[in-house]
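Enquirer: Residues 89 to 264, numbered by our numbering, are exactly what the sequence shown covers, in order. Think of the CB as a built atom: it goes at the ideal place given N, C-alpha and C, for glycine as much as any other residue. Take a look at this one; I'll ask things after.
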Amino acid sequence: MRAALESKDVTISKLQGKLTVNILDHVLFDSGEADLKPEGEAVLTKVAAILAQHPELKIHVIGHTDNVPIRATARPRFPSNWELSTARATAAVRFLTERAGVEPTRLGAVGYGEFRPVTDNTTPEGRARNRRIAITILPEELVGADSKPTADAQSSPATPSDGAGPGGTLAPVQGP
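What follows is the structure in structure tokens.
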């Protein structure tokens, strides 16, 4: 994977059993936008070709931004960096599924906005590194919480001992 993708704008790292492909935003999107650029589509097509060789793997696409507030003209669409980062992650997921053939059940989209920087936002270079899409490939043991519930879990009613009332909703807590 490294030979096919890595460049100054695309890096690959492995940490705690997760393989992550970081793509700087300027490759994928214009400033303050969530529409994929042709260059970004080309990178995501390469990622999809590699993912096709490993259909068992689950993937999270995570959007990140810097801490610069959204410009006024973009605020009607993206009130904050959170919405922008989520829209970008979703755009990448849609491309991977609808145009690059990745099975939708393998993917999830998350937006962290400016809240998980990889470096300081005080310089233009730092802000550029923080604006990115991270494609995280999860090993099977880390996917457990994201997998489908079993038939037993889907059909078993909530019991009073779990704090849930009828229909599985949480019952109000009574004070002393």
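Taking Cβ positions, are G196 and T174 nearer each other than 8 Å?
Expert: On the sequence shown, position 108 is the one that residue 196 refers to. On the sequence shown, position 86 is the one that residue 174 refers to. No, Cβ-Cβ distance for G196 and T174 is not below 8 Å.
Enquirer: Near H114, which residues of its chain fall below 8 Å by C-beta distance, leaving aside the five closest residues on each side in sequence?
Expert: What you label residue 114 is simply residue 26 of the sequence shown in a count that begins at 1. Taken in chain order, the residues that qualify are D97, A216 and R219.
Enquirer: Given a cut-off of 8 Å, decide if F183 and L124 are closer than it, judged by their beta-carbon atoms.
Expert: In the sequence shown, the residue the question calls residue 124 occupies position 36. In the sequence shown, the residue the question calls residue 183 occupies position 95. Yes.
Enquirer: So, for A177: in the same chain, excluding its five sequence neighbours on each side, which residues have a beta-carbon less than 8 Å away from its beta-carbon?
Expert: Against the sequence shown, residue 177 aligns to sequence position 89. Hits under 8 Å: V149, I150, G151, A197, V198, G199 and I221.
Enquirer: Classify L116 as buried or exposed, calling it buried when 16 or more other Cβ atoms lie within 10 Å of its own Cβ.
Expert: Sequence index remark: in the sequence shown, residue 116 carries index 28 (1-based). Buried, since its Cβ has 16 or more Cβ neighbours within 10 Å.
Enquirer: Expressed to the nearest angstrom, what Euclidean distance is found between the alpha-carbon atoms of P143 and V109?
Expert: Taking the sequence shown and counting its residues from 1, the one referred to as residue 143 is at position 55. Taking the sequence shown and counting its residues from 1, the one referred to as residue 109 is at position 21. About 17 Å.
Enquirer: Quick one: using the 10 Å Cβ neighbour count with 16 as the cut-off for buried, is E171 buried or exposed?
Expert: Along the sequence shown, read from residue 1 onward, the residue named residue 171 stands at position 83. Label assigned to E171: buried.
Enquirer: Could you name the residues that DSSP lists as bridge partners for T108?
Expert: Taking the first residue of the sequence shown as position 1, residue 108 is located at position 20. T108 is bridged to S101 and T224.
Enquirer: Looking at L139: is its Cβ nearer than 8 Å to the Cβ of V190?
Expert: The residue you call residue 139 lines up with position 51 of the sequence shown. The residue you call residue 190 lines up with position 102 of the sequence shown. Yes.
Enquirer: Return helix, strand or coil for I66, following the three-state DSSP convention.
Expert: Residue 66 is absent from the model: the chain starts at 89 and stops at 264.
Enquirer: What residue from G128, A160 and D154 has the CA that sits closest to N169's CA?
Expert: Along the sequence shown, read from residue 1 onward, the residue named residue 169 stands at position 81. Checked all of G128, A160 and D154; the closest Cα to N169 is D154.
Enquirer: Can you check which of these residues, T193, E202, E186 and E121, is closest to V132 by C-alpha distance?
Expert: Against the sequence shown, residue 132 aligns to sequence position 44. Reading the sequence as shown, one finds Leu at residue 132 and not Val. Per the Cα distances, E186.
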